[in-house]
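If you count the sequence shown from 1, position 16 lands on 13 in the working numbering, and the numbers rise without skipping.
Positions of the beta carbon are idealized from the N, C-alpha and C atoms, including for glycine.
Have a look at the structure below before the remarks.
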Amino acid sequence: MKTLKLRIKDKHATQLNILAGAVNFVWNYVNELSFKHLKRTGKFFSAYDLAAYTKGAGEYLNLHSQTLQAISEVHAKSRKQFKKAKLNWRTNNSKAKRRSLGWIPFKKTAIKHISTRQSGKKSLKSTLQFSLANRQKLIIDMWDSYNLALYSINTLELVQDNRGHWYACVTVKDFPKIKCGTGQVGIDLGCKDSAVSSDGDQLQIKVTHQYAEKLATAQRAKNKKRVKAIHAKIKNTRQDLIHKFTSKLVKANSLIVVGKIKSKSFTSSKLAKSVYDAGWFEIKRQLDYKCANAGCHYIEVNEAYSTQTCSCCGSRQDSPKGRSGLGIRVWFCRSCKMTHQRDVNGAKNILAVGLGRL
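Right, dumping it as structure tokens:
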């Protein structure tokens, strides 16, 4: 299974907001009904039981019957997942302390991919048709960077972000496979460079710091709309850099070894901001699913002493150690007369541990 996220054109926002309000109404009804039944009988309603109480409501709310079923299924699954008798209410009121972002689920039979036509050299315009109540249709246009014509659509959810923009999250089963390369590479995760490979390739996320001054200005002016836009720009830039880096690794290698490191170990120290900016979890998440898709072998290994050990002779005598040595990026090993770049040397040792495990 794979999920594709596509940007919907803003001209559909008004209509989608109305449908999202109807979805919230059904969610709140199901939430209250399930809670009252639990208090009265001591038993939880299943998704099948809830569907019986919402049957026929789509005609009045302009929602497809399978959308109502999807709402009941998500509610029952979320209640079981979070182990709660009652979930949070969903509200459209912008003045509320906690406003729920728009969400509209659809099942496979209510979705139809109409057409995909070329609108530019790099982007495609895709059109989807959704079934509503009383045989009505909802037709939306979106920027299709994946070319949906190559995929088999399973389910779909229309979701809204905090800026009011709408996206189509499409779940697909059959999708084109990526072929992996024949090389082998180790990855050392860090703060100055988010990731450094044993081949010397670097992933630098700190380019997002160019927006820091603009963000501070908008925050002092209490311009919430501008603050949200800058945060979105930073997030998208970080995601784009990580996607390009991980895709390049998967296409060139058949084995990728990453040092096992957890962000929680550093978030209580002075390095917290740098660790959050580095995006270690996202790097490993993307490598995991991209390697599974391409048939590339991905493993995580213990990276203890990887930066202190010479990747040529295994000596630790001349390497920088402790916090005082973090600023030393290049060091010379007198045992084998080799000069090492700290992160590249660590990546080579991580690769050696991975090969030893195999």
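DSSP links Gly183 through a beta bridge to Val254. Taking all protein chains shown into account, Ile136 has fewer than 16 neighbouring C-beta atoms within 10 Å of its C-beta and is therefore exposed. In the pairwise beta carbon analysis, the region 25 to 43 is classified as not touching the region 190 to 206: fewer than three pairs are separated by under 8 Å. The closest CA to that of Ile15, considering only His34, Tyr148, Leu155, Val272, is found on Leu155. Measuring C-alpha to C-alpha distances from Thr152 to each of Glu56, Gln12, Thr64 identifies Thr64 as the nearest. One alpha carbon belongs to Glu56, the other to Ala130, and they sit about 5 Å apart.
Between the alpha carbons of Lys122 and Tyr148 lies a distance of about 15 Å. In this chain, Thr88 is not harboured by any beta strand (DSSP E), its DSSP state being neither H nor E. Taking the Cβ atoms as the reference, Asn159 lies roughly 15 Å from Arg87, outside the contact range of under 8 Å. In the assembly as shown, Asp171 is an exposed residue. Its beta-carbon has fewer than 16 other beta-carbons within 10 Å. In the pairwise beta carbon analysis, the region 285 to 293 is classified as not touching the region 312 to 332: fewer than three pairs are separated by under 8 Å. Minimum Cα-Cα distance from Ser195 among the listed residues Arg37, Asn346, Lys270 corresponds to Asn346. A check of alpha carbon separations from Val350 across Gly311, Trp140, Lys109 identifies Gly311 as the nearest.
His61 is a Cβ neighbour of Ser128, given a cutoff of 7 Å. When the five nearest sequence neighbours on each side are left out, the beta carbons in the same chain lying within less than 7 Å of the beta carbon of Lys211 are those of Ile227, in order along the chain. Exclusion of the five residues before and after Trp277 leaves Leu186, Ser260 as the residues of its chain whose Cβ lies within less than 6 Å of its Cβ. Taking every protein chain shown into account, the CB of Ala146 has fewer than 16 other CB atoms within 10 angstroms, so this residue is exposed. Cβ contact annotation for Ser332 (same chain, cutoff 8 Å, sequence separation greater than five): Cys307, Cys310, Ser312, Gln314, Asp315, in chain order.
Counting only residues of its own chain and dropping the five nearest sequence neighbours on each side, Val327 has a CB closer than 8 Å to the CB of Thr336, His337, Gln338, Arg339. By DSSP's assignment, Val167 forms a beta bridge with Leu1, Leu153.
Residues of the same chain with their beta carbon placed closer than 7 Å to that of Ala218 are lacking, with the five preceding and five following residues left out of the count. Three or more Cβ pairs drawn from the region 250 to 259 and the region 290 to 305 lie within less than 8 Å of each other, which places the two stretches in contact.
Secondary structure within the region 202 to 286: the beta strand (DSSP E) runs of 3 or more consecutive residues, fully enclosed, are 250 to 256 (chain order).
Ala165 counts as buried, since at least 16 other C-beta atoms from the protein chains shown sit within 10 angstroms of its C-beta. A Cβ-Cβ contact shorter than 7 Å links Ile296 with Val254.
The residue among Gln236, Pro102, Thr304 with its C-alpha nearest the C-alpha of Arg282 is Gln236. With distances taken between CA atoms, Thr38 lies nearest to Ala82 out of Asn233, Ser265, Ala82.
In the three-state reduction of the DSSP assignment, Phe172 falls in the coil class. In this structure, the beta-carbon distance from Gly197 to Val341 falls below 7 Å.
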